[in-house]
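Below is one structure, written out as structure tokens, with a few remarks after it.
Protein chains: 6
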Amino acid sequence: MTEPLDGAASPRFAQVATFARLPLQRDFKNARSVFLGLPWDDATSYRSGAREGPSAIRHASRLVRPYNMFADVYPFRVLDTVDAGDVDPVPGYTEDTFARIESALKPMFAADIVPFIAGGDHSVTLPVLRARKAAGKEAASLLHFDAHFDTWEAYWGSKRYTHGTWVKRAYEEGLIARSQVFQVGIRSSLYSHEDVRNNAAIVDRTYTSEDVDSQGYKVIMDRILEAIKDRPLYVSVDIDVLDPAYAPGTGTPESGGLTSREMIHFLRELHRANVVGFDLVEVAPQYDHMGQITALAASNLIYEGMCALARHRSAGARR
Amino acid sequence: MTEPLDGAASPRFAQVATFARLPLQRDFKNARSVFLGLPWDDATSYRSGAREGPSAIRHASRLVRPYNMFADVYPFRVLDTVDAGDVDPVPGYTEDTFARIESALKPMFAADIVPFIAGGDHSVTLPVLRARKAAGKEAASLLHFDAHFDTWEAYWGSKRYTHGTWVKRAYEEGLIARSQVFQVGIRSSLYSHEDVRNNAAIVDRTYTSEDVDSQGYKVIMDRILEAIKDRPLYVSVDIDVLDPAYAPGTGTPESGGLTSREMIHFLRELHRANVVGFDLVEVAPQYDHMGQITALAASNLIYEGMCALARHRSAGARR
Amino acid sequence: MTEPLDGAASPRFAQVATFARLPLQRDFKNARSVFLGLPWDDATSYRSGAREGPSAIRHASRLVRPYNMFADVYPFRVLDTVDAGDVDPVPGYTEDTFARIESALKPMFAADIVPFIAGGDHSVTLPVLRARKAAGKEAASLLHFDAHFDTWEAYWGSKRYTHGTWVKRAYEEGLIARSQVFQVGIRSSLYSHEDVRNNAAIVDRTYTSEDVDSQGYKVIMDRILEAIKDRPLYVSVDIDVLDPAYAPGTGTPESGGLTSREMIHFLRELHRANVVGFDLVEVAPQYDHMGQITALAASNLIYEGMCALARHRSAGARR
Amino acid sequence: MTEPLDGAASPRFAQVATFARLPLQRDFKNARSVFLGLPWDDATSYRSGAREGPSAIRHASRLVRPYNMFADVYPFRVLDTVDAGDVDPVPGYTEDTFARIESALKPMFAADIVPFIAGGDHSVTLPVLRARKAAGKEAASLLHFDAHFDTWEAYWGSKRYTHGTWVKRAYEEGLIARSQVFQVGIRSSLYSHEDVRNNAAIVDRTYTSEDVDSQGYKVIMDRILEAIKDRPLYVSVDIDVLDPAYAPGTGTPESGGLTSREMIHFLRELHRANVVGFDLVEVAPQYDHMGQITALAASNLIYEGMCALARHRSAGARR
Amino acid sequence: MTEPLDGAASPRFAQVATFARLPLQRDFKNARSVFLGLPWDDATSYRSGAREGPSAIRHASRLVRPYNMFADVYPFRVLDTVDAGDVDPVPGYTEDTFARIESALKPMFAADIVPFIAGGDHSVTLPVLRARKAAGKEAASLLHFDAHFDTWEAYWGSKRYTHGTWVKRAYEEGLIARSQVFQVGIRSSLYSHEDVRNNAAIVDRTYTSEDVDSQGYKVIMDRILEAIKDRPLYVSVDIDVLDPAYAPGTGTPESGGLTSREMIHFLRELHRANVVGFDLVEVAPQYDHMGQITALAASNLIYEGMCALARHRSAGARR
Amino acid sequence: MTEPLDGAASPRFAQVATFARLPLQRDFKNARSVFLGLPWDDATSYRSGAREGPSAIRHASRLVRPYNMFADVYPFRVLDTVDAGDVDPVPGYTEDTFARIESALKPMFAADIVPFIAGGDHSVTLPVLRARKAAGKEAASLLHFDAHFDTWEAYWGSKRYTHGTWVKRAYEEGLIARSQVFQVGIRSSLYSHEDVRNNAAIVDRTYTSEDVDSQGYKVIMDRILEAIKDRPLYVSVDIDVLDPAYAPGTGTPESGGLTSREMIHFLRELHRANVVGFDLVEVAPQYDHMGQITALAASNLIYEGMCALARHRSAGARR
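Residue numbers (numbering that gives the first Met the number 0), protein chains in the order written: chain A, 0 to 318; chain B, 0 to 318; chain C, 0 to 318; chain D, 0 to 318; chain E, 0 to 318; chain F, 0 to 318.
In structure tokens form, the structure reads like this:
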């Protein structure tokens, strides 16, 4: 059972920052869940900077405390969480980087350790899902929070591996379960009407930011979770699902997004699901300011993901 | 038909930034709408900096893409939009600057080209409206989104041309249609109770931020558009109608404002109106940070204005 | 009757900044309310910087104008408000600082002058409440807006005076009325489940940010004010009750907070209460950016507090 | 004899900031020197923002202490200095603003009070010099530290009053003594070779930044002060004489400038001169960052100017 | 003959920003020199962000004026300079990007047009030099200003194309003349003593920042230019040759660097050389602040490079 | 023998940041030198924030590499350096914090481990020196780089432990050797002429920033080191010895300071001394910006201190 450094004894601004002040264990074998950084931003189409995402999220997560009263759970105890450090990327070489990520994640999935991942740009989700497949696990359902479809075919002519194409690749490679792809928060302007059609061919239900506004998180999550049932679920959160007011530090911000309160509500519903992997990507702290609210939101959303899973696992036996 | 640079071929961070990566054509004669910058901030009563508004908005607008799925429209194709550059102001001399703006806009209005204007401080709306009158067009209805009345008589003793007096001047000069002035988002503290009375003498309906909260955008826009009917409509958006969380980079920010999602909803309703001119003013990027969320919001709101008009024009024949 | 510098004559960016451009009177004897700064941040558990809070709030408050149309009141006239400067703290020595604060406030309370205080970290509320008791006044009800309980026993082993323990100390010292403690906006993660129990032993009703979301400000304030009735009420607002998007410049920001519009609504309800003291704490402007939206929000919230009291006092006789 | 607030008793971050924590006396009649703010930036040709210069300089000057060991002098005691507040400008109207500045300064010069002025953009020096003439004083020598000539004829076609034309206007209006104009630090790129000729017709000696590099401050100041002798001297410091590394927060920064140490050396030599007025202009804090090094440098340079004059006056009788 | 927009007529903050406000001509055939952006940052080993370098440099270069009094030359007239836009990179794919850069530059070199390049990270120099060879030109001498050797063999195991290996690659590929490689400003800490040996095998003379301090720019440049004589010279300036105080906005800043004044002095000596290409790389504006002093320094250094070449070409016939 | 993470294999932006990417060993027993953070800022008289100094220095130190060609030494190998984490302070309680620091350092000094300390405000040097005495070591000479004397008697009336009094306390407590105190870089304005006298009673030689300018680092260090000879030497570097251009992120910045190149030169001379302890204090990263040049300079200065000692120890046997 892992315990974070106690913030009431050791001030939160002291000591080397790990996620939530948890132990750093590059050898994660005894954990049941890990925090893992994937510092990579070469596949971004606009602003770079997400390579500093894991570092910024660790720094901001020093404020996270071990008990969540809304979930009534101690997630780190339940999930035996450690900070497993980062996977070293290969700057300038997308596919080499993907290979390293896949290698690093495969033994985690094989051991049924649930990774909570901090990106990095959104392209990193593809090798994570490949690792799950390589570990012999069944294809998971995908719950995808984002301002963007990420179902484009290619960028820059013919490049198929970017932060805007990973959902299509994952679908083509059989990494996600058929009829089990759900999107929430979509709102960006598009290249053409074809984008809508192409997305619909892959994604089962797309809830736009307008849908969130008119229907509310509860109705949407009820429908999604009813479709997913007890299938293994992979959750991928692009921080740009939040409005730029809440998450300025990101690569392709889009106006009209969700509030942090809405997003927390969405994630709290996940206690009803069987989460097998979770990532939060696209935090680029250079585009934030000294207050680092984006990394702060990110660290809280990862924490809520952990709490939801912990509550799922400890249902009936909490505290 | 104009097309922006394709962001899936040429990365959005590359090339000289024009609005939405549209062609720069100082000679705008073949366009049906233009983006035009009015970089002027000498008439501001508090923070200066709006002279960098057009530059910042162009930079942020690199993220805007040509198709809007919510309006189901390609605005640049429908409106044949170009970036017409800026009008050169005369720093230190308000009235000389107004004369230059009026001269630049008059031929646009005469040719029924719809200007989408990026300020500059709010005083620029006055010479724009003068240009419309000088072009022989009938006085338009005015839909004014703002935290402030802008119906004051004068500042600094006797100065009648400032960013807080343009509505009164436009009204006095017959530049806006009688009984056709509507305000949304008003909330600033005031100099005195007289301000309320004086504003009411000019403005037909004032919806405060509290009204937006209690009534919602749909009810308010239904009432306003019902009153406007098919009259020509000029829309003026002060970015400070948004809360400072959404638009910190502005000259006179006021707490308690609208969210970007609310403001997008308001503007999307404009597809029912006959917009003949549109401005978005008071972006002062020095008061934002590296993430430039204010300019980002501004570029999206201008884009939504374009989409609404395009949808209005292409109703029944979209795509 | 005090009047601020007229922003329509003397531009708001000119002259030495006092709160709302009110007269600076270190000798406050003729006032009926004062603005007072308590620049202190040594009792913070995470980010320091709140010692610059009063300075930043004064600077941002230059935008505040003398008439509030929502309350229909001129608060500075009704309350005869002056800026009384700051209490000099003793950096590095918590208890010496508390003694200075208590000394400074005691004569104000004795003279029934209502202090509107800008912190400083939240520990400063304790000596303010001690001053009220020392002045012979009855214990007030406490309305506490915050993301955090602030009812912890001690930090750093045995330190009982920090920004996270003041509510417990005030309760123990009999500085607040029994069964008259109300919290709004609570949402932080906690050290343990014991925190919830310990808080409940002191606080009568705790409304979390989820409660605000589901019940709305009106229902909550109706219940709270019904319980308080016409008792003397002390209001303490930690700026971190707002979401980090609205108030990044603070020491222990927590995702999922209130909007500035919600918070203004809460405070406007206070016109029904008998406010005898008000503080707004934890503004750390170093964690904001050039636009200083946190100090701007803070200055508006203090102003709304003043307006509510002014409206309360002038009910039936306004203007 | 005025004394600043004691920083060893009242912490420097506490209390309302005046220049060097000196008394604020809008009525300056008993002083022998004053600090005065001229918050104006409408005559700037590039970045606006200098309207916040006086406010930022006051804030940064809280670090200035009353004794200078290099000059061995207590300047505020010797010069009986007060902070006289700001002159209210008229935004948008250059010539009205100039009239107000001239009015405010004339009685100071008439009473032989030495003004230490914080701009504002550089155009403000013109009405200050006009005020001196209007007060019946002989034309002073001019020592002008700047990256730019400021001897242009006009901008924007025909506008003769801008921050780049004031030296020419002052020369034409007989506000400065013939053959008594000296420039130090010049280095900007120019519009044409004519600029050099036109400048040479007005300025007696121009020391470029290359000259500073090769000759050093001592040689240059010896030559200048030898030419000035005991004539009354007006000193005008554009903060952009410093390199942007030392003064990023300014309107028209130019690479290759002076260091703060060099500039302090130049000013310390002024103890040999009869300074009758001093300004430091073009601080635009929006272009600095939280550390506000530009305003810090500015407040120190003003202080060094005060110390030099105090040493001049108290020569032989110091301390 | 090209002319920039006149800053005394059209304010420098107005209009779409091109380098020095020169005409934008993607078709550069009639120019004799071009400004060209290479927005690429995927080969960086530390901070990304240089993809925004060209955009930031264009913005900052609005302050550059057409006449340089130190060189007594009008560079744009002499060199017939245009802004040729950017080369579109291929994010995530180093070698594809290099191919695009080589293609874009080859016709420029073939036509003896001198490119003045704004990076992008330093890896871009390699394809630029390849383009020169592909255009059939003789290998040029290399003058390399940098804090780092950039002669490493590989990064991330086996990756031979990064911003730290380009000098070695250029040497191996015969893109630079033997015994004609000169480094100035070197100072970074190293991986091992082997780095020194390996660098010495490629570079003929390495002047460290200590050498600059002790010998001065004149001695160093005399020696270098004496060795180069009238050979074609390629100049590559990594902005991190400047101290972080002068250029914070870069990827791998190193303490103890040159001042902007020193660097300008170095470049002014180039009027004695036959410059056939010039780049300034590694500006990452996200790591600067609103004042953008790094991009400002960069735009001035590029301008000084242009002036040196113009002076070289017009020697004896200037103005 | 400790080795840092290899930056050519694992990118420098990846993995949890320790000083120079060295191993984190809270149990430092096998090391011969340690990096240690003392995150404390409650004893600051102006800007707080230095509690984040250790965290920022670790982050910036990721760029430091293991070999220094100027010293021709591998410091981490020679000194067997580890990162020993931070000492937990007691916010709000100066003397309790001092006790914790003394306890943590005593065993290090007892084991002749050389601490390289990152503050924290300058008050932390006092308990460090107390620890050395408590460990039974002879009083060391003190080489103090600073803009300020730090020999004041007390602040806030009677508080004897602040960041401005530690030298006097250390002297009184016999923690530093008589006639062995040397100051470099002094330049701040003072409270009174008494400050000079009082300082001279404690400090043997004070070299001001003017002395550095006129005499140069070599002469000054020759004199100091000749006086120190082979006595044990404690070096204390207040980052504000640098000019604010080089180190904006600090609590009490003073214009006219040293450059980073000068400071590196000073420290490189220390290879001639027997350094037994080294601290670098007063880095307050909130007052820097995203580029974090202050923490970068600090990490380089600490590294140079390590290199000097390593060179001292390995003289004759290097590599």
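Each residue gets a CB set at the ideal place from its N, CA and C atoms; glycine is no exception.
Note the first and the last residue of the continuous beta strand (DSSP E) segment covering residue i.
{"i": "Gln285/E", "result": "Segment: none, Gln285/E is in no beta strand (DSSP E) and carries neither H nor E."}
{"i": "Ser140/D", "result": "Ala139 to Phe144"}
{"i": "Gly36/C", "result": "Ser32 to Leu37"}
{"i": "Gly184/E", "result": "Ile175 to Ile185"}
{"i": "Tyr206/F", "result": "Arg204 to Thr207"}
Under 8 angstroms, Cβ to Cβ, is there at least one residue of chain B near residue i?
{"i": "Gly248/C", "result": "no"}
Got a sec: is the Cβ-Cβ distance from residue i to anything in chain F below 8 angstroms?
{"i": "Val63/D", "result": "yes"}
{"i": "Ala316/D", "result": "In this prediction, Ala316/D has a pLDDT of 47, which is less than 50 and means its spatial position is unreliable; what the coordinates show is noted afterwards. No, Ala316/D lies away from the interface with chain F (no Cβ there is under 8 angstroms from its Cβ)."}
May I ask you to list the residues that DSSP assigns as paired with residue i?
{"i": "Pro231/B", "result": "Asn273/B"}
{"i": "Phe18/E", "result": "For Phe18/E, which the question treats as bridged, DSSP gives no partner whatsoever."}
{"i": "Asn67/E", "result": "Val72/E"}
{"i": "Asp85/D", "result": "Gly36/D"}
{"i": "Val236/D", "result": "Phe144/D and Leu279/D"}
Starting from residue i, trace the alpha helix (DSSP H) in both directions and tell me its first and last residue.
{"i": "Val77/B", "result": "Pro74 to Leu78"}
{"i": "Gly118/D", "result": "No alpha helix (DSSP H) contains Gly118/D, which is instead part of the beta strand (DSSP E) from Val113 to Gly118."}
{"i": "Tyr302/B", "result": "Ile292 to Arg312"}
{"i": "Pro106/B", "result": "Thr93 to Ala109"}
Among the options, whose alpha-carbon lies nearest the alpha-carbon of residue i?
{"i": "Thr251/D", "options": "Glu94/D, Arg57/D and Ala42/D", "result": "Ala42/D"}
{"i": "Ile185/A", "options": "Asp229/A, Tyr233/A, Ala314/A and Ile238/A", "result": "Ile238/A"}
{"i": "Gln291/B", "options": "Gly6/B, Val33/B and Ala55/B", "result": "Ala55/B"}
Can you find a CB in chain C that lies within less than 8 angstroms of the CB of residue i?
{"i": "Arg20/D", "result": "no"}
So with Cβ pairs under 8 angstroms, would you call residue i a contact of chain A?
{"i": "Ser191/B", "result": "no"}
{"i": "Ile263/B", "result": "yes"}
{"i": "Ser187/C", "result": "yes"}
Pairing CB atoms from the stretch 97-106 of chain C with CB atoms from the stretch 188-207 of chain C, are three or more of them under 8 angstroms?
-> The stretch 97-106 of chain C, when compared against the stretch 188-207 of chain C, does not touch it at the 8 angstroms Cβ threshold.
Using 8 angstroms as the Cβ pair cut-off and three pairs as the minimum, do the stretch 153-160 of chain A and the stretch 87-98 of chain E touch?
-> yes
Could you tell me whether the stretch 167-176 of chain D touches the stretch 129-138 of chain D, using the rule of 3 or more Cβ pairs below 8 angstroms?
-> yes
Segment contact flag, the stretch 7-23 of chain F with the stretch 52-65 of chain F, C-beta cutoff 8 angstroms, min 3 pairs | yes
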